[in-house]
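Written out below as structure tokens is the structure these notes cover.
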Amino acid sequence: MPRLFSTRRLFVGGKNTIYLLILGTMFYTVMLHLPGNLKSPEVVESYGPPPSRIFCIISTYAYRHEHAAIHIHRTWVRHCDHYLFVSDDINHYLEPAVFMHMNDKWHRMRAYLEYVYKYHFHQGDWFLYCNDDNFVVVENLRHMLRTYSPKELIYFGCKLRTPNGLVFMLEGSGIVFSAAALKRFALMALTNESICSSETKGNDFTKELGRCLTNVNVIAGDSRDEFQGHRFLPFEADLHLGSAMNESLEHHKYFLDHSYYPVKDVSF
617 MPRLFSTRRL
627 FVGGKNTIYL
637 LILGTMFYTV
647 MLHLPGNLKS
657 PEVVESYGPP
667 PSRIFCIIST
677 YAYRHEHAAI
687 HIHRTWVRHC
697 DHYLFVSDDI
707 NHYLEPAVFM
717 HMNDKWHRMR
727 AYLEYVYKYH
737 FHQGDWFLYC
747 NDDNFVVVEN
757 LRHMLRTYSP
767 KELIYFGCKL
777 RTPNGLVFML
787 EGSGIVFSAA
797 ALKRFALMAL
807 TNESICSSET
817 KGNDFTKELG
827 RCLTNVNVIA
837 GDSRDEFQGH
847 RFLPFEADLH
857 LGSAMNESLE
867 HHKYFLDHSY
877 YPVKDVSF
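With the working numbering as the guide, the letters of the sequence shown map in order to residues 617 to 884.
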């Protein structure tokens with residue numbers, strides 16, 4: 617029975633071969649002249665500035681390594697671009713920078729910040745100083761800092777004020793320094809006893825930090841959100857979730873008496 621259609625003749629036969637070559641050439645020519653909107657989409661490169669790097673400094677103690685600091689190491693601190701634990705003793709898991717025989721909080725903070733400036737300044741644009749009982753949502757911090765430049769002389773925290781007008785940050789809520797602020801503190805404040813004391817300060821050490829930074833023209837920034845809510849929270853989570861403040865509690869009264877901004881609501 618004769619075949620009505622020969623695939624062999626179609627692809628191998630002389631005339632048909634020429635026809636296929638002509639058709640292929642025409643198809644290629646048409647494709648070259650198609651409008652640009654019919655071509656495959658191209659990847660658009662972004663030339664915006666890269667996100668600012670956050671270097672996290674976590675202050676801890678030997679007796680808190682296993683039940684506090686180790687959990688920070690396993691959770692939120694990994695969202696920092698770089699981090700460093702600082703402690704009074706070694707720990708093979710945390711690998712902290714060790715500062716021994718320093719009993720005063722102010723002496724420790726001075727030493728920690730000076731050390732970070734000397735050995736880790738190149739690793740960050742912003743430097744977060746906090747304790748081993750803080751929990752930080754680093755993505756939220758990065759979002760807050762996006763409108764600021766690390767070249768600005770500015771620092772952030774839970775902003776307080778003494779009756780005589782000295783502005784400082786609450787120690788337990790964490791403090792963030794711009795790279796420029798940390799550099800100014802290390803090179804100009806720490807080296808000048810007249811504007812930044814090296815004497816013991818006890819629990820008033822963040823007041824002395826505020827005085828030192830003010831004396832070298834570092835601004836205490838407003839860290840509140842667009843609804844005037846605190847971002848650097850001063851209390852435990854349950855209070856910020858709706859519990860009432862109690863002026864009979866010393867730490868509540870301290871915040872109410874010293875808050876830089878009027879206190880209307882401390883809930884989220």
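Positions of the beta carbon are idealized from the N, C-alpha and C atoms, including for glycine.
Under the rule that 16 or more other beta-carbon atoms within 10 Å means buried, what is residue i, buried or exposed?
{"i": "S864", "result": "exposed"}
{"i": "R694", "result": "exposed"}
{"i": "T816", "result": "exposed"}
{"i": "V659", "result": "Confidence is the limiting factor: at V659 the pLDDT is only 48, short of 50, which leaves the residue's position unreliable, though a coordinate-based value still follows. With fewer than 16 Cβ atoms within 10 Å of its Cβ, V659 is classed as exposed."}
{"i": "D841", "result": "exposed"}
{"i": "R762", "result": "exposed"}
{"i": "R690", "result": "exposed"}
{"i": "N862", "result": "exposed"}
{"i": "L708", "result": "According to the sequence shown, residue 708 is His rather than Leu. Exposed, since its Cβ has fewer than 16 Cβ neighbours within 10 Å."}
{"i": "Y735", "result": "exposed"}
{"i": "K655", "result": "Summary for K655: the model assigns pLDDT 47, below 50, so the residue's position carries little reliability; its value from the coordinates is reported in the next sentence. Burial call: exposed."}
{"i": "P878", "result": "exposed"}
{"i": "G858", "result": "exposed"}
{"i": "E824", "result": "buried"}
{"i": "V702", "result": "buried"}
{"i": "Y870", "result": "exposed"}
{"i": "I706", "result": "exposed"}
Among the options, whose alpha-carbon lies nearest the alpha-carbon of residue i?
{"i": "M760", "options": "R690, Q844, S839 and L829", "result": "S839"}
{"i": "F737", "options": "P779, D697 and S814", "result": "D697"}
{"i": "F784", "options": "F848, R827 and S794", "result": "R827"}
{"i": "T676", "options": "S668, W692 and L700", "result": "L700"}
{"i": "L776", "options": "K767, V792 and D873", "result": "D873"}
{"i": "V832", "options": "F743, D741 and Y771", "result": "Y771"}
{"i": "T822", "options": "W742, Y877, G788 and P850", "result": "G788"}
{"i": "E768", "options": "I835, A802, E755 and I706", "result": "I835"}
{"i": "A795", "options": "F843, G773 and G740", "result": "G740"}
{"i": "P667", "options": "G781, P766, W692 and V752", "result": "P766"}
{"i": "S814", "options": "R847, P850 and K721", "result": "K721"}
{"i": "N780", "options": "F848, E755, Y876 and N819", "result": "Y876"}
{"i": "Y764", "options": "A797, C672 and C774", "result": "A797"}
{"i": "L729", "options": "P850, L829, F851 and G845", "result": "L829"}
{"i": "L782", "options": "F715, P850 and D820", "result": "D820"}
{"i": "L803", "options": "P712, E711, Y733 and R758", "result": "Y733"}
{"i": "F715", "options": "A678, H687 and C812", "result": "A678"}
{"i": "I791", "options": "C812, G818, V754 and A713", "result": "V754"}
{"i": "Q844", "options": "K880, Y870, F871 and D854", "result": "K880"}
{"i": "G837", "options": "R800, F793 and E866", "result": "F793"}
Bridge partners for residue i per DSSP, in chain order?
{"i": "A713", "result": "V702"}
{"i": "N747", "result": "S675"}
{"i": "S875", "result": "L776"}
{"i": "I835", "result": "I770"}
{"i": "W742", "result": "I670 and S794"}
Output the boundary residues of the alpha helix (DSSP H) element that contains residue i.
{"i": "I791", "result": "First-last for I791: I791 to S794, but that is the beta strand (DSSP E), not the alpha helix (DSSP H)."}
{"i": "S760", "result": "Before going further, note that residue 760 is Met rather than Ser in the sequence given. Residues V754 to L761."}
{"i": "I811", "result": "Per DSSP, I811 belongs to no alpha helix (DSSP H) and is neither H nor E."}
{"i": "L855", "result": "A853 to H856"}
{"i": "G718", "result": "Residue identity check: residue 718 is Met in the sequence provided, not Gly. Per DSSP, M718 belongs to no alpha helix (DSSP H) and is neither H nor E."}
{"i": "R690", "result": "I686 to R690"}
Report, in whole angstroms, the separation of the C-beta atoms of residue i and residue j, which I expect to be a contact under 8 Å.
{"i": "I674", "j": "C746", "result": "6 Å"}
{"i": "F726", "j": "L806", "result": "The residue you asked about is not Phe; residue 726 is Arg in the sequence shown. Contact flag correct, Cβ pair sits at about 6 Å."}
{"i": "F743", "j": "W692", "result": "F743 to W692, Cβ: 16 Å. No contact."}
{"i": "C774", "j": "H846", "result": "6 Å"}
{"i": "A684", "j": "D749", "result": "6 Å"}
The beta strand (DSSP E) spanning residue i covers which residue range?
{"i": "F784", "result": "V783 to M785"}
Hey, is residue i close to the ligand GTP, as in C-beta under 8 Å from one of its heavy atoms?
{"i": "T778", "result": "No copy of the ligand GTP occurs in the structure displayed, which carries no ligand at all."}
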